[in-house]
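Comments concern the structure below.
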Amino acid sequence: MTNEAAAHEPSLENLLHENRSFPPSAEFAAQANGTPDLYADARADRLAFWSRQATELVSWRKPFTEVLDWSQAPVARWFADGTLNACWNAVDRHVVAGHGDRVAIHFEGEPGDTRTLTYADLQREVSRAANALAALGVHTGDRVVIYLPMIPEAVIAMLACARLGAPHSLVFGGFSADALRSRIDDAGARLVITADGGYRRGAATALKPAVDDALAPRDGVESTVEHVLVVRRTGQETAMAEHRDVWWHEATEVADVQHEPVWVEAEHPLFILYTSGTTGKPKGILHTTGGYLTQAAYTHRYVFDLKPETDVYWCTADVGWVTGHTYVTYGPLVNGATQVMYEGTPDTPHQGRWWEIVEKYKVSILYTAPTAIRTCMKWGSEVPAKFDLSSLRVLGSVGEPINPEAWMWYRRVIGGDRCPVVDTWWQTETGAIMISPLPGVTHAKPGSAQVPLPGIVADVIDDEGKPVPDGGGGYLVLTEPWPAMLRGIWGDLERFKDTYWSRFPDIYFAGDGAKKDEDGDVWLLGRVDDVMNVSGHRLSTTEIESALVSHDAVAEAAVVGALDETTGQAVVAFVILRGEAAAALEATGGDQDAIVAQLRDHVGKQIGPIAKPKRILVVPELPKTRSGKIMRRLLRDVAENRAVGDATTLADASVMALISTGLNKPK
Ligand code: ATP
Ligand code: MG
Numbered sequence: 001m002t003n004e005a006a007a008h009e010p011s012l013e014n015l016l017h018e019n020r021s022f023p024p025s026a027e028f029a030a031q032a033n034g035t036p037d038l039y040a041d042a043r044a045d046r047l048a049f050w051s052r053q054a055t056e057l058v059s060w061r062k063p064f065t066e067v068l069d070w071s072q073a074p075v076a077r078w079f080a081d082g083t084l085n086a087c088w089n090a091v092d093r094h095v096v097a098g099h100g101d102r103v104a105i106h107f108e109g110e111p112g113d114t115r116t117l118t119y120a121d122l123q124r125e126v127s128r129a130a131n132a133l134a135a136l137g138v139h140t141g142d143r144v145v146i147y148l149p150m151i152p153e154a155v156i157a158m159l160a161c162a163r164l165g166a167p168h169s170l171v172f173g174g175f176s177a178d179a180l181r182s183r184i185d186d187a188g189a190r191l192v193i194t195a196d197g198g199y200r201r202g203a204a205t206a207l208k209p210a211v212d213d214a215l216a217p218r219d220g221v222e223s224t225v226e227h228v229l230v231v232r233r234t235g236q237e238t239a240m241a242e243h244r245d246v247w248w249h250e251a252t253e254v255a256d257v258q259h260e261p262v263w264v265e266a267e268h269p270l271f272i273l274y275t276s277g278t279t280g281k282p283k284g285i286l287h288t289t290g291g292y293l294t295q296a297a298y299t300h301r302y303v304f305d306l307k308p309e310t311d312v313y314w315c316t317a318d319v320g321w322v323t324g325h326t327y328v329t330y331g332p333l334v335n336g337a338t339q340v341m342y343e344g345t346p347d348t349p350h351q352g353r354w355w356e357i358v359e360k361y362k363v364s365i366l367y368t369a370p371t372a373i374r375t376c377m378k379w380g381s382e383v384p385a386k387f388d389l390s391s392l393r394v395l396g397s398v399g400e401p402i403n404p405e406a407w408m409w410y411r412r413v414i415g416g417d418r419c420p421v422v423d424t425w426w427q428t429e430t431g432a433i434m435i436s437p438l439p440g441v442t443h444a445k446p447g448s449a450q451v452p453l454p455g456i457v458a459d460v461i462d463d464e465g466k467p468v469p470d471g472g473g474g475y476l477v478l479t480e481p482w483p484a485m486l487r488g489i490w491g492d493l494e495r496f497k498d499t500y501w502s503r504f505p506d507i508y509f510a511g512d513g514a515k516k517d518e519d520g521d522v523w524l525l526g527r528v529d530d531v532m533n534v535s536g537h538r539l540s541t542t543e544i545e546s547a548l549v550s551h552d553a554v555a556e557a558a559v560v561g562a563l564d565e566t567t568g569q570a571v572v573a574f575v576i577l578r579g580e581a582a583a584a585l586e587a588t589g590g591d592q593d594a595i596v597a598q599l600r601d602h603v604g605k606q607i608g609p610i611a612k613p614k615r616i617l618v619v620p621e622l623p624k625t626r627s628g629k630i631m632r633r634l635l636r637d638v639a640e641n642r643a644v645g646d647a648t649t650l651a652d653a654s655v656m657a658l659i660s661t662g663l664n665k666p667k
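Quick note on the UniProt record's numbering: the sequence shown kicks off at 1 and runs consecutively.
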């Protein structure tokens, strides 16, 4: 390579080229909430645009006069002199507007039990819960940890906290006692809301014992928690500590059904949420009220084309993930939507459970993660084909880059080739969707998040901080503050500055690699931490994984770079086969040579010889976080024969053993 070529060496290679494009149908575009005007409006005056969204979509007790105060950057203040209450916005105002009878939540328990909560029901329940919390000594500003399964009380508990101005911090039900304790300590929580247990994979699993364990003195140090409120979900035997533990139903039964919300300033903390921990130790991300609600409602309305009177919306995310905060609790409820909430796993009692739910409730908007879509691909198209999915009209994806083939499958098999698919890029830190097609406007490309939403300014830059040209790869950054942006890492301003604002001065660095295609559309390429350096080429994980998934035999793939004497790093791929291919492999006694050769060849043809994995390992499962993201750093440990690192946020702790045993199995 000449010096001149080196100077123009891309930050990340652009390997995969996609020519398919799906414009919205004329009928869809004609009725869509989002129009090209939205982009024009935001471009004409960005702050006026956000001011308009905040006024139209959110109700203020005291209207704001100032839109953005960026004088204390990187801590933003949005709509700072306004006051409001998040719970009032999500619940009471719909009742006041005459929509009390509208269904807010269709709850479907894993064992098949159901509950329907209207907005009026929700108002009564959140008021009772807020009174019960206050009676237990929770004041405005106190932190409450919520450790619950996916049951309506999770949403009610969040809203009750918001009603009091007490920031909540959700911890995924099923995280270990240690993970729970470290979050309780970090947040300095005063109260924990939990349940006796929940239903998963056909069985009642206990939750409360983990709370007891978490609250036991550690090295002689007591926790900050004074009370534990326990929802009865499974009815299993549950130890209750005297003076500390209180049953939810007993506390709420006696509580008044009226409660005056606490009106807070726009910048009052709404919640702290710890990131998924895909790349390392989770960070306590702080979100405040006014700006967050504005962007939650705005994105939910335009990205999903929500019509609150007629749509039935379903986001499959757990409330313990940011997606559950913004797109189960706040976005849909602030918009007055009717939604489905499902407690359990997609394959209990059968692999068609989700599609049965779509048929039953006539779900029209579905929002899920690539990992779920790939799992359904693995199970086969004949499973969803047994159900009537004709009510669907918009499909969303979030959490990881979606491989083009998974996108195509989603569109074709689930969406009947009729529903726009929106691939939404965002993070715990951004609070709400940032980059996504608009379903009535954008000509969608399989695998690309494409364009910053109106009001959002993003770019892809190189190592020197210069925007890359179309066709180039680099780092995804956000160059202007946005309403739902994090206001810091809880208790650690320095870590906040250091993590997000130091790589490029005054620019928010998201930690993700991305490229711009020939049209200037953005494609996410995976974590910068996972970028591989093979013989001087900087390769991202996503494109090689997508090439693997585009082979008929492959359902899921994870690629990592492992130390290599000759090339610096070598590409190592872990693949899960689809049903038929897995059976075929089994029939040959598990000899992987033939399929591995085919897959290497396939990657070579799809994107070029440089990307051909040096090793491909067929595995039964991949390590994932609770939110369904592949944890490549653990696979790197395996590929480099190291002890596996911090796995506390892993969804299923047995997976790593399964992978390692599989690898050591003699042929
Ligand atoms: P940690 O920061 O602790 O490692 P995390 O980044 O997995 O955890 P989240 O905030 O839940 O925690 O995930 C945000 C990340 O998920 C993004 O930075 C990006 O890598 C990935 N992501 C989310 N949506 C998309 C998408 N549509 N396309 C590509 N990547 C996505
Ligand atoms: Mg992150």
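The beta carbon of each residue, even a glycine, is placed where N, CA and C say it ideally should be.
Just so you know, these numbers come straight off a predicted model, no measurement behind them.
For LEU577, the enclosing beta strand (DSSP E) stretches over residues 568-577. Taking the Cβ of GLN427 as the reference point, at least one heavy atom of the ligand ATP falls within a distance shorter than 7 Å. Sequence-distant Cβ neighbours of GLY352 in its own chain, meaning closer than 8 Å and more than five residues away, are VAL383, PRO384, LYS386 and PHE387. In the DSSP annotation of this structure, the continuous segment of the beta strand (DSSP E) that includes LEU476 starts and ends at 473-478.
For TRP409, there is no enclosing beta strand (DSSP E); the residue is part of the alpha helix (DSSP H) that begins and ends at 404-409. Between TRP50 and VAL67, the gap from beta carbon to beta carbon is short of 8 Å. Between the C-alpha atoms of GLY141 and GLY165 there is a straight-line separation of about 6 Å. Residue side-chain check: THR205 keeps its Cβ at 7 Å or more from all non-hydrogen atoms of the ligand MG.
Scanning its chain for C-beta atoms nearer than 6 Å, with the 5 sequence neighbours on each side dropped, one finds around GLN53 the residues THR294 and TYR298, in chain order. The C-beta of LYS208 has 16 or more other C-beta atoms within 10 Å across all chains shown, which makes the residue buried. Inter-segment contact for the region 233-247 and the region 184-200 is present: three or more beta-carbon pairs are separated by less than 8 Å. Inter-residue distance for ILE659 and LEU622 is about 8 Å (C-alpha atoms, whole angstroms). Not a single heavy atom of the ligand ATP lies less than 7 Å from the C-beta of THR648. Per DSSP, LEU215 has no beta-bridge partner at all. Under the criterion of beta carbons closer than 8 Å, LYS624 and ILE630 qualify as touching, at roughly 6 Å. Within its own chain, the residues whose Cβ lies closer than 8 Å to the Cβ of THR83, once the five positions on either side in sequence are excluded, are TRP60, ARG61, LYS62, TRP263, VAL264, GLU265 and ALA266, listed in chain order. Residue burial annotation: LYS605 is exposed, with fewer than 16 other C-beta atoms found within 10 angstroms of its C-beta. Rounded to whole angstroms, the gap between the alpha carbons of GLY465 and LEU389 is 46 Å.
Remark: C-beta atoms of GLU18 and LYS515 do not approach each other more closely than 8 Å. The Cβ neighbour count for LYS612, taken over all protein chains shown within 10 Å, is at least 16; the residue is labelled buried. For MET158, the uninterrupted alpha helix (DSSP H) run begins and ends at 152-164, by DSSP. In chain order, PRO454 place their CB closer than 6 Å to the CB of TYR39, counting only its own chain and leaving out the 5 sequence neighbours on each side.
Scanning its chain for C-beta atoms nearer than 6 Å, with the 5 sequence neighbours on each side dropped, one finds around ILE365 the residues PHE304, ASP311, TYR313 and VAL394, in chain order.
Residue state for TRP425 is assigned as strand, using DSSP reduced to three classes. Sorting MET656, GLY628 and SER627 by C-alpha distance to the C-alpha of ASN641 places MET656 at the top. Contact between PRO370 and ILE414 is absent: CB atoms are separated by about 13 Å, not below the 8 Å threshold. Annotated three-state conformation of ASN89 is helix, per DSSP. TRP379 and GLU400 have their C-alpha atoms roughly 20 Å apart.
Pairing LEU122 with ALA134 gives a Cβ-Cβ distance that is not under 8 Å.
Here the alpha carbons of TYR500 and GLU494 stand approximately 10 Å from one another. For the pair ALA296 and ALA458, the CB atoms are not nearer than the 8 Å cut-off. Setting aside the 5 residues that flank it on each side, GLU27 has no residue in the same chain whose C-beta is closer than 8 Å to its C-beta.
From the listed residues ALA587, ASP101, ASP186 and PRO332, the smallest Cα separation to GLY491 is found for ASP186. Excluding residues up to 5 positions away in sequence, ALA406, ALA555 and GLU556 lie with their Cβ nearer than 6 Å to the Cβ of ARG374 in the same chain. Here CYS419 carries a coil assignment [DSSP, helix/strand/coil]. Look at SER169: its beta carbon is at least 7 Å from all of the heavy atoms in the ligand ATP.
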